[in-house]
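What follows is a set of notes on a single structure, which appears directly below.
Residue numbers (the UniProt record's numbering): 1 to 180.
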């Protein structure tokens, strides 16, 4: 299988700068501890020339060598926490953008509660939906308004549109054909 490694010259500039910053911090930590490159190389299990390459910020050095240096500096800090899924804001934003917004629930018509007790028949055989809609239309005096559409309009603007409400409104307004 052919090797397909990216040449360090092809790395983004920001990545190279991060590696250089990491290398500088490793040098500072080693010198503060008053230890030599040879001592750190022995503790890391790498050669002294590899330790020198780490301190120069060579991007071709194995990541494990950099991680071991970081572990020698601060064993309590976890490198994996830097890229934990809950901190990956770019992917979280994409997930949120992918989700379809849900329509809010509309309390237009309440479903009748099921009961084991038999209920009395609807007056004049009217469905319960019409009985629940009656109080809304009682508020408007259709005799004084110019047209039934104007009488129905205020109640329609109070509620989100849906095909059932539009059909009922057009039937009540006197139109022959209900429009969904």
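Glycine included, C-beta positions come from ideal geometry on N, C-alpha and C. Please read all numbers here as calculations on a predicted model, not as lab measurements.
Excluding the 5 residues flanking residue i on each side, which residues of the same chain have their C-beta closer than 6 Å to its C-beta?
i          : result
residue 87 : none
residue 46 : 65
Restricting to Cα atoms, I'd like to know which of the options is closest to residue i.
i           : options         : result
residue 187 : 101, 70, 99, 98 : Within the shown structure, residues of the chain are numbered from 1 to 180, placing residue 187 beyond reach of any answer.
residue 19  : 102, 7, 37, 56  : 56
residue 43  : 72, 11, 99      : 72
residue 26  : 15, 14, 41      : 41
residue 7   : 60, 54, 14, 49  : 60
residue 5   : 13, 49, 62, 81  : 62
In chain order, what residues of the same chain lie with their CB nearer than 8 Å to the CB of residue i, ignoring the 5 residues before and after it?
i          : result
residue 85 : 91
Identify, in the order they occur along the chain, each residue of the same chain with its Cβ nearer than 7 Å to the Cβ of residue i, setting aside the five sequence neighbours on each side.
i           : result
residue 52  : 37
residue 242 : Residue 242 lies beyond the range of the chain shown here (1 to 180); nothing can be said about it.
Counting contacts by CB-CB distance shorter than 7 Å, is residue i in contact with chain C?
i          : result
residue 69 : Absence of chain C from the displayed structure is noted, only one protein chain being present.
Below 8 Å, can you find three or more Cβ-Cβ pairs linking the region 35-44 to the region 11-25?
no
What are the uninterrupted segments assigned as alpha helix (DSSP H) that are 4 or more residues long and contained completely in the region 36-120, given in chain order?
37-44, 48-56, 63-73, 89-98
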